[in-house]
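S.K.: Here the sequence shown is numbered in UniProt numbering, starting from 1 and rising by one per residue.
Just so it is clear, CB atoms sit at the ideal spot from N, CA and C, and this is done for glycine as well.
Bear in mind the structure is a predicted one, so any value in this text is a computation, not a measurement.
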Amino acid sequence: MTKTDPITVRIQPIDRTIADEKIHALFDKYSPVSYDNPRYEKDTPLNYCIITMGDKEAADTLIKEKNGSEWDKVKIKISIERKDPSGSTVNFSFRGLDKSEDDVKKYLKGYKVKSVERGVAKKGTLIGYTVNVVLKDMETANKVKTEFKNNEETKNYGLKFFKQTGSAVERCYICGTLGHSKKNCPEKDPAVPQVLKHKKTKAVSQSEKSVPEDKEQKKNKKGVKREKQNTKE
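1) F161 lies in the beta strand (DSSP E); which residues open and close that run?
2) Using DSSP bridges, identify the partner residues of V116.
3) On the criterion of 16 or more Cβ atoms from any shown chain inside 10 Å, does I76 qualify as buried, or is it exposed?
4) Would you mind reading off the limits of the alpha helix (DSSP H) that contains residue 235?
5) Is it buried or exposed for P32, if we count other Cβ within 10 angstroms and need 16 for buried?
6) Do you know whose CA, among R118, I63, N37 and L62, lies nearest Y48's CA?
7) Let me confirm a value: S181 is counted as buried when at least 16 other C-beta atoms fall within 10 Å, else exposed. Which label applies?
8) Decide if G54 is buried, meaning its Cβ has at least 16 other Cβ atoms within 10 Å, or exposed.
9) Could you give the DSSP three-state label for A19: helix, strand or coil?
10) Pick helix, strand or coil for D61, following the three-state DSSP scheme.
11) Take G87 as the anchor and find which of F162, I78 and F94 has the nearest alpha-carbon.
12) Does the distance from the C-beta atom of Y129 to that of R16 stay below 8 Å?
13) In chain order, what residues of the same chain have a beta carbon less than 8 Å from the beta carbon of V120, not counting five sequence neighbours either side?
14) Classify K77 as helix, strand or coil using the three-state DSSP reduction.
15) Between D20, V90 and K163, which has its C-alpha nearest V134's C-alpha?
16) Are at least three pairs of beta-carbons, each pair with one atom in the stretch 151-168 and one in the stretch 6-15, less than 8 Å apart?
17) In the structure shown, what three-state DSSP assignment does N111 receive?
18) Grab the span of the beta strand (DSSP E) containing R10 for me, first residue to last.
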């Protein structure tokens, strides 16, 4: 990868209803190569439903017994809808399947289901919760990264940068710049030595440090003791 290769910046999460005019207002000044943000051409049913249960206990039971199970060989996901303080509303996801509200009610027969509302993506909304913009080079990518971070309107956006191959762009952990690793950072101080890891050694007490006595020393000590005893007598 060279400094002049195009870089794709992906912004996420983002409101799916964001208009193209708003996206262009954010990026046109960087003269991007292209915008890649497909939208739904018509109202499109999605593969999840919002389900209202009889009460919180019914919602908890449904999650306990059905979350992670398979429906037509597809694993389903069920979770509490956090926006509902009562805890009786759940999100029911069946990615990869095309099921109607009646299909869902039939599948969950026997549980206290009050209502099922299938999600629908409105015409013109983004397909997915990301915006993708292809920038002309690494220098532009670093400019976007810095300016978005320092702008009140855009500082909370999550930015990810990708090469043409689809792999993530390297980011330096010393200066924060895209395009090189900390090992090759121009701001790295060559005078700072590398920290070597030493094997930890157990602390030795003063008594342990003393040289052990040999047999001759022990023999002499015994002789001294006897001499003292004889003198006393």
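M.R.: Quick look at the numbers:
1) G158 to F162
2) I51
3) buried
4) No statement about residue 235 is possible, as the shown extent of the chain runs from 1 to 233 and does not include it.
5) buried
6) R118
7) exposed
8) exposed
9) coil
10) In the sequence as presented, Asp is not what sits at residue 61; that position holds Thr. If DSSP states are grouped into helix, strand and coil, T61 belongs with the helices.
11) I78
12) yes
13) D43, T44, P45 and L46
14) strand
15) K163
16) yes
17) For clarity, residue 111 is Tyr in the given sequence; the question names Asn instead. Of the three classes helix, strand and coil, the one that applies to Y111 here is coil, per DSSP.
18) I7 to Q12
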